[in-house]
Amino acid sequence: MLKKIILTIAVIAMAAACFAEKNVILVVSDGTGINAINMYEQFSGKKTVMRSFPTKIFCTTYCYGLDFDSSKAWKDASAQIPDIEGYLRNCTDSAASATAINSGRKTYNGHVNLFSGLEHYDTVALAAKRAGYRVADVTSVSWADATPAGVSAHSIARGRWNPISHELLSNGINDVLGGGGNPWYHTNGTKKEEASYNVISSSDWDDVSKGATPYKLIEDREDFLALAADKNAKGKFLFSPKCSGDMPIADHVPTTAEMAVATLNILKNNNGKDGKGFFFMLEEGRPDHANHANNGENNVAFINALDDAVRAMVEWVNKNSNWNDTMIIVTADHETGGIRNTDGTYFITSNGAGNMPNYEYTTGGHTNCPVPFFVKGGTPGLYNRYIRGKDPVWGKYIDNTDISKGIARFMDIRLIK
Ligand SMILES: [Zn+2]
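If you read the sequence shown in our numbering, its first letter stands for residue 642, the second for the next number, and so on.
The structure is reproduced here in structure tokens:
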């Protein structure tokens, strides 16, 4: 009798282990240091959703050949005066950072999942696909740009967009793929007289348009809204809203949140009842461009878009999954703009809701400032084991090469070294 009970319990436990799906949503907000988030929160008078996540630490972002050293990062750590024009100026780009995040390995700036053009890196998405997971790769900027490229493409030069988009389209990894960069539309939504094939080549575009690939092309905002509302949405999709590069905040294109929820519905249904789950990389790419341009107002608008997307995905998980099976990470690939307080200290300060805070940009480029790393769901305390140090101002930090390690551990997948 006892044997029978033990056997029954064992069978139930095994069945539960087999059917528990694992989902990872990795949100990369490009060019977003903690002050970019503070700027939105202080202006709006609202806390972002990610502030309520249980894990709130930092993440270092340096590329191959550089480092992060707290003793060099601060001119005066107790007064919180960063060496933002000195040591912190040597930094990663989005290609090396996307490589580190997705593959767990450092490379030179400009490289996507390659080292010196020779060694191809495996990534979380590739390993997840091999293990039977569904994968999606969606962004609010051009979908061949470095951050979405880093999910499953390889390139010696991040600017080679046509070969990168070709790899993303043809490597068989993605159920949902896309973002800005429709060859036929201006950013204001008007049709071009002649197409510009910056992101996708004319032959690939023709193949998608005539249905010669597995992907259904989605261009109209109404179709994005329908997918976001459709609990039964299923299939493979290329998202190509009607804009030439960065998606504007405008009625003719979907919001980042709408694309995110549409993607989650599709992944869930493609996954099916007995599926393993999914890995979804969503990039909010526009804060980087706002901060390169030292445009605080635009940064606020795009962090608002990020926050809306994160909130929509948290609500989706509450309704359609649970926080044991689904983990959401919100982080950045690097800081952009060297944002600091006007008094030279690091953290910016509020002038009350409705007013821009006390901030100034110190560069039109990136910095080596660690970026925020927020996690909700999955294995509690998953990233504690990867903490590498405690900066006197930023606090505990992991490195961006640790992100994929935690994801691989949670999803029980192996990256090939
Ligand atoms: Zn940038």
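Ideal placement from N, C-alpha and C gives every residue a C-beta, glycine not left out.
Heavy atoms of ligand 1 versus C-beta positions, residues under 6 Å
If you measure from each CB to the nearest heavy atom of ligand 1, the residues under 6 Å come out as G672, S735, D929, H933, T977 and H1007.
Taking a contact to mean a Cβ-Cβ separation below 8 Å, would you say G820 touches E662 in this structure?
It is not a contact, given that the beta carbons lie outside the stated cut-off.
What residue ranges within the region 658-699 form continuous beta strand (DSSP E) runs of no fewer than 3 residues, ordered along the chain?
Within the region 658-699, complete beta strand (DSSP E) segments of at least 3 residues are found at 663-670, given in chain order.
My understanding is that E925 touches S781, with C-beta atoms under 8 Å, so please give their C-beta distance in whole angstroms.
About 6 Å; that satisfies the 8 Å criterion.
Best match in A973, K1037 and D1053 for proximity to I678 [C-alpha to C-alpha]
For I678, the nearest C-alpha among the options comes from A973.
V932 to G886 span [Cα, whole Å]
Going by the sequence as given, residue 932 is Asn instead of Val. When rounded, the distance between both Cα atoms is 17 Å.
Mapping the DSSP letters down to three states, classify P882 as helix, strand or coil.
Of the three classes helix, strand and coil, the one that applies to P882 here is coil, per DSSP.
Cutoff 7 Å; reference A658; Cβ partners in own chain excluding five residues on either side
At A658, the pLDDT of 49 sits below 50, so the modelled position is not reliable and the matter cannot be decided from this model.
Determine the direct distance from the alpha carbon of N940 to that of G686, and round the result to whole angstroms.
The alpha-carbon atoms of G686 and N940 are separated by roughly 15 Å.
Which residues share a DSSP beta bridge with I970?
Beta-bridge pairing links I970 to L667 and V1016.
Which partner residues does P723 have in the DSSP bridge list?
Under DSSP, P723 forms a beta bridge with W715.
Just to confirm my understanding: we take L879, look at its own chain, exclude 5 residues before and 5 after, and list those with CB closer than 6 Å. What are they?
Here the set comprises L818, G819, V849, Y856 and L858.
Helix, strand or coil for M655 per DSSP?
Because the pLDDT of M655 is 49, which lies under 50, any placement of that residue in the model is unreliable, and the number read from its coordinates should be weighed accordingly. Helix.
To the nearest angstrom, how far is the alpha carbon of W715 from that of P723?
Straight across, the Cα-Cα distance linking W715 with P723 is about 4 Å.
For A898, count neighbouring Cβ atoms within 10 angstroms of its own Cβ and tell me buried if that reaches 16, exposed if not.
Label assigned to A898: buried.
How do the region 1024-1035 and the region 735-755 stand: do at least 3 beta-carbon pairs fall below 8 Å, yes or no?
Contact fails: fewer than three Cβ-Cβ distances are below 8 Å.
Take S962 and list the residues in its own chain whose beta-carbon comes closer than 7 Å to its own, dropping the five residues that flank it on each side.
Closer than 7 Å at the Cβ level, and outside the excluded window around S962, lie N664.
By Cβ distance below 7 Å, which residues in the same chain neighbour K833 in space, the five residues on each side in sequence not counted?
If we look at K833 and ignore the five residues flanking it on each side, its Cβ neighbours are W825, Y826 and H827.
Pull up the CB-CB distance for G822 and I841, whole angstroms please, since I reckon it's below 8 Å.
Cβ-Cβ separation between G822 and I841: approximately 7 Å, consistent with a contact (criterion under 8 Å).
Going by C-alpha distance, which of G800, R801 and D816 is nearest G773?
In this structure, D816 is the residue among G800, R801 and D816 with its C-alpha nearest to the C-alpha of G773.
Taking just the CA atoms, how far does I1039 sit from I1028?
Spanning the alpha carbons of I1028 and I1039 requires a straight line of approximately 5 Å.
In terms of alpha-carbon separation, which member of N829, G852 and A950 lies closest to M691?
Closest by alpha carbon: A950.
Around the Cβ of N911, are there at least 16 other Cβ atoms within 10 angstroms (buried) or fewer (exposed)?
So N911 counts as buried.
Give the DSSP-derived three-state secondary structure of A777 in the structure shown.
It is a strand residue.
Who are the Cβ neighbours of G1019 in its own chain at under 6 Å, not counting the five residues just before and after it?
Within the same chain, M968 and F1051 come within 6 Å of G1019 by CB-CB distance, once the 5 residues on both sides are set aside.
At the level of alpha carbons, what is the spacing between K1058 and A787?
About 22 Å.
Is the Cβ-Cβ distance between I944 and Y681 less than 8 Å?
The answer is yes: Cβ separation under 8 Å.
Can you name, in chain order, every residue of its own chain whose Cβ lies under 8 Å from the Cβ of D861, other than the five neighbours on each side?
Taking D861 as the centre and dropping the five residues before and after it, the same chain places the C-beta of K883 closer than 8 Å to its C-beta, in chain order.
Starting from the Cα of D948, find the closest Cα among L868, L810, A901 and A768 and give me that residue.
Of the listed residues, the one whose Cα sits closest to D948 is A901.
With which residues is Y1097 paired in a DSSP beta bridge?
Nothing can be reported for residue 1097: it is not among the residues displayed for the chain, which extend from 642 to 1058.
Ordered along the chain, which non-local residues of its own chain (more than five positions away) have a Cβ less than 6 Å from that of T701?
Around T701: F709, P1011, Y1038 and D1040.
Spatial neighbours of I675 within its chain, please: CB distance less than 6 Å, with the 5 preceding and 5 following residues excluded, ordered by chain position.
P1013.
Alpha helix (DSSP H) segment containing I742, residue limits
Start and end: S735 to S744.
So, at 8 Å on beta carbons, what are the nonlocal neighbours of V955 in its own chain, with the 5 sequence-adjacent residues on each side left out?
Result list for V955: V690, I969 and K1017, in chain order.
G985 - DSSP class collapsed to helix/strand/coil
The DSSP-derived three-state label of G985 is coil.
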